[in-house]
Amino acid sequence: MAWEPLYNLELVEASRFFGFYEIMIPTEIILFLSIALQFWAAIYALKLIRVTGRRLAWICISFAILLMAFRRCITVFRLVTDDIKHSPDQMAEGVALLISVLMVVGISRIHIYFQQVKKLEEERSQAESLLVRFGRILDHSFNEIYIFNAETWKFIQVNFGACKNLQYSQEELTKLTPVDLKPEHAKETFAELVRPLMEKQVPMVVFEAVHERKDGTLYPVLVRLQLMHDEVPPVFVAIIGDITEQKKYEAELESHRNHLEELVESRTRELEKSLQRTKSYFDMPLMGSVISNLNKGFIDVNEEMCRITGYRKDELLQKTWAEITHPDDMKIDAGLFSELVSGVRDTYTMEKRYVRKDGSIVPVEIFVSCIRNEAGAVNYFAAMVNDISDRKGVEGEKERLSQMKTDFLSTAAHELRTPLTTIRGFSELISTRSNFSGEQIRNYSHLINKESENLADIIDDLLDLSRIESGKSFSLNVKLANLVGSVNEEIETFNRQDTGHEFPLLLKGDPYEVFIDPEKMRQVLRNLYSNSVKYAETGCEISTKIEFNDDAVLISVSDKGEGMSQDQVNRIFEKFYRSEEVHKFRGTGLGMSIVKYLIDAHAGKIWIKSEIGKGTTVTFEIPKICCIWRDEYSVNIPPIDDQHKTLLKLICEMADSIRNGEEMKNPELILDELVSYAEFHLKYEENLLEKYRYPELLVYKRSHKDFGDKIEHFKNTPKDERLHLLPKITVFTYNWLMARILKEDAIYSSYLIEKGVNK
Amino acid sequence: MKKILIAEDNENIRELISVTFTGLSGYDVMEVDSAEKAIEATKTYKPDLVLMDVMMPGPIDGIEATRIIKNDSDTSGIVIIILTAKGQKQDIEVGKEVGADDYIIKPFSPGELIRRIESVLT
């Protein structure tokens, strides 16, 4: 072998140097080790084919190594076959072993390296495929993803979602900036928006914006913007979601919410109103309102309750109703209350008394109800408290009146029995005793006569009063009369009685006749004079003044007697009223009541001025206008005047002839009477209305107007035509007059009286 | 001689009673027209019997006067007949309460009056 000498030369020198190995390690072992290592290396090299993929190279290397291994195998064979000539140099074989070791190590290193490389490559390809998928997904996401330059803001990359939403192509978009897409943003506002990112203050900004599509339509978006500082150049990454739906939901939600809020608000308002209403009912001053609890304590009370009880609200809230209820009423109240609590009853009403703060007693009517919750437990009690002092007062007034009546009957009996005693006594004495002289008998007879007259007067008074009161058989026979005459006659009567008083009479104004019942008027005057005679000392003047004014006659009777207190004056017209001081004089206590009734019946007014110790002046007024009488007095209303009487007669005849289809008699006469009368009547009734102004009576006024218009029409119509109109208007007038004068005037007058003529 | 005091404000009735006793022997009659005067007269005149009208003017009436007379030991022995025009039960009862011995209701018969007086005085 050509290479052997070299081999030997080199190894010989080396073996000399490392000669001690000969002793230590037999050559065969070195050879075996070399062979084993070379085989291992060759197999390893083959394994590398799979790792590296370079088949030819590694087969060649492996073949070379195998060759070396074969060479050693032959050497070993020669050694075994004792071919000593060819005994290998131990030194060389040792180097070969070392090389083999190095080979194995080297190949294993290469193997590890390639294995790592392969693993890395696999990992990279896996990562790449993931990235691609991710990118693809992102690209097709409906979210718009934008990457744009942090300095120029030009889009670098946009995803498919963005293109689709915006209707731009990728190319078109790369020429735009985010500001171009956001119509509500200018460069400045966008810069302001991204400033926190640029300054690294925040990792991300999220904001809502509006994107404009290529076609100009708008849609709301939510933008999540991030700045990638590490990229070169730095880029913004924006992930943008279309929030149209969300906005729609939000809007719907908002509207629902608003609706709900409105509903809640309106309900609240209603509730408040209802509460206010309840509160206002509660606070109504008509009745005391109370909310109380199971322990009878007050929870709430209104002002009226405070007024009734005399306690302040805060004081009442510290109390229970048991504390302010009159002890005598407590048993019943507590009994009813416990029935209410136990559910035997839902409400109860009772009359009871409260003890007010000042200790006085106030009668009340209470209405208590129990308010329970759904479970049936007692929530609270609501009570209405009605102050019935007034009602009790009315009852008291009734009792007082009844007492007055009893007193009156007793007094009346006394007044009747006293003259009767004289009459009976003297008549018995005259008839039973024979020892009286003729003079005595005459005296006693005179007494009997006088007392019987007195008795008759008293009976008249009583009867008058009872007639007036029942309003049935009392009649006023009204006629046009001279009041002065009545006054004079009555003064004459009193003068004849020789009471020791002067009765001067003073007239003022032009006298005129008024519609009065002269007999009743004298009764009035008689009562006034006899009162004055009673209270004024002998020798005093009882002066009468008659004043004829435009609308009424005033008659006043003054005396300088004892006078009366204001209280007495206020009560003087009460029936059966007699002041304590009056008891020393005879009287039924009816005189002034009767006077008042009579003046009322004449549609007049009466009033009194009096001062204790100075005297009394009674004044009454009889209206000039005549037809205001109260119909309940069964006033016998006469024709208003002679003209009226004539007219009525004519109209009655006219009506009869019209009904009978006869020729009218004296139509001209009727016409003239009618017109002049109607004018008179209308005029004075207009005066009445002007004077008293009762809007209810405007109905009347209109009917007057109707009639007045007819009359006017009548007057302005040519004479011949008037005759044709006459029957119509006559019938109308007839009905009108009969209805009005004979009936409605009485109603009319009662109206006036009711409305305050006599107040 | 029995002394009769008439306390009555009505002049005619006073005269009637007075005339009733006229011509009857054994009676002396005195008239007053008010309750106060009646009380006074019971002390000065010392009547055996008083005919006392109930309703008389003045501060006190016949009932009150009767009470005063009956409560005074000097005058409590005097017989008092109440004259009442009211004729109501309560007046009669009140009269009896204050000590009146009898009552006569107006209008009365003079003969009846005498009979009643005689009966209470015997």
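For the protein sequence lines, the chains are A and B, in the order given. Under the numbering used here, the letters of the first sequence match residues 1228 to 1986, in that order. Under the numbering used here, the letters of the second sequence match residues -12 to 109, in that order. We treat Cβ as the ideally placed atom computed from N, Cα and C, and that holds for glycine.
Starting from Y1762 (chain A), follow the alpha helix (DSSP H) in both directions and report where the run begins and ends.
1745 to 1762
Exposure of F1847 (chain A), with buried meaning 16 or more beta-carbon neighbours within 10 Å:
buried
Start-to-end residues for the beta strand (DSSP E) that takes in I1383 (chain A)
1382 to 1385
Just to confirm my understanding: we take I1686 (chain A), look at its own chain, exclude 5 residues before and 5 after, and list those with CB closer than 8 Å. What are they?
L1643
Would L1703 (chain A) pass as an interface residue toward chain B - the criterion being a Cβ-Cβ separation below 8 Å?
no
Using a beta-carbon distance below 8 Å, is E1789 (chain A) in contact with chain B?
no
Rounded to a whole number of angstroms, what is the C-alpha to C-alpha distance between N1676 (chain A) and R103 (chain B)?
28 Å
Residues of its chain near F47 (chain B), where Cβ-Cβ distance is below 7 Å and the 5 sequence neighbours each way are ignored
Phe is not the amino acid found at residue 47 (chain B); the sequence shown has Ile there. So the list reads A22, E23, once near-sequence residues are dropped.
Below 8 Å between beta carbons: does that hold for R1451 (chain A) and A1465 (chain A)?
yes
Pairwise C-alpha distance: K(-11) (chain B) and Y14 (chain B):
5 Å
Please list, in chain order, all residues of the same chain as E1411 (chain A) whose beta carbon is under 8 Å from its beta carbon, the five residues on each side excluded.
A1436, V1437
Drop a sphere of 10 angstroms on the beta-carbon of S1713 (chain A), count the other beta-carbons inside from all chains shown, and report buried for 16 or more, exposed for fewer.
buried
Taking the continuous alpha helix (DSSP H) assigned at Y1824 (chain A), which residues delimit it?
1818 to 1828
Cβ closer than 8 Å: which chain A residues qualify as neighbours of L11 (chain B)?
Correct list: empty, because the minimum Cβ distance to chain A is about 10 Å.
Using a 10 Å radius around the Cβ and a threshold of 16 neighbouring Cβ atoms, would you call Y1476 (chain A) buried or exposed?
exposed
Quick check: is the beta carbon of P94 (chain B) nearer than 8 Å to any beta carbon in chain A?
yes
Which of helix, strand or coil DSSP assigns to T1401 (chain A)
helix
For Q1317 (chain A), the first and last residue of its enclosing alpha helix (DSSP H):
1317 to 1367
I want to verify the contact list: residues of chain B whose CB lies under 7 Å from the CB of T1659 (chain A), in sequence order.
G98
Keeping to the same chain, check which residues put their C-beta closer than 7 Å to that of R1920 (chain A); ignore five residues upstream and five downstream.
No answer about R1920 (chain A) holds up, because its pLDDT of 45 lies below 50 and its placement is not dependable.
Residues bridged to M1611 (chain A) (per DSSP)
A:S1516, A:F1594
Quick one: which chain B residues come within Cβ less than 8 Å of A1683 (chain A)?
The contacting residues do not exist; A1683 (chain A) stays about 16 Å from chain B at best.
Since I believe L1656 (chain A) is in contact with T29 (chain B) (beta carbons under 8 Å), could you give me their beta-carbon distance rounded to a whole number of angstroms?
With a Cβ gap of about 27 Å, T29 (chain B) and L1656 (chain A) do not count as contacting.
Taking Cβ-Cβ distances below 9 Å as the criterion, which residues of the segment 1639 to 1654 of chain A are in contact with chain B?
A1640, H1641, E1642, L1643, R1644, T1645, P1646, L1647, T1648, T1649, I1650, R1651, G1652, F1653
Spell out whether any CB of chain B is found under 8 Å from the CB atom of N1754 (chain A).
no
When the Cα atoms are used, what is the spatial distance from V1705 (chain A) to V1751 (chain A)?
15 Å
Between E1492 (chain A) and A1478 (chain A), what straight-line distance do the alpha-carbon atoms span, to the nearest angstrom?
20 Å
Taking only the alpha-carbon atoms, compute the straight-line gap between I1782 (chain A) and A1708 (chain A) and give it to the nearest angstrom.
15 Å
What three-state label does DSSP hand Q1453 (chain A) in the structure shown?
strand
Output yes if chain B places a C-beta closer than 8 Å to the C-beta of E1678 (chain A); else output no.
yes
Less than 8 Å between the beta carbons of E1719 (chain A) and R1749 (chain A), yes or no?
no
Measure from the alpha carbon of Q1473 (chain A) to the alpha carbon of each residue in A:Y1446, A:T1279, A:R1440, A:A1269, then state which is nearest.
A:Y1446
So which residues on chain A does V6 (chain B) lean against when the C-beta distance must stay under 7 Å?
L1656
Does the beta-carbon distance from K93 (chain B) to T1645 (chain A) come in below 8 Å?
yes
Return helix, strand or coil for F1434 (chain A), following the three-state DSSP convention.
strand
Within a Cβ cutoff of 6 Å, which residues of the same chain sit near L3 (chain B), ignoring the five residues on either side of it in sequence?
none
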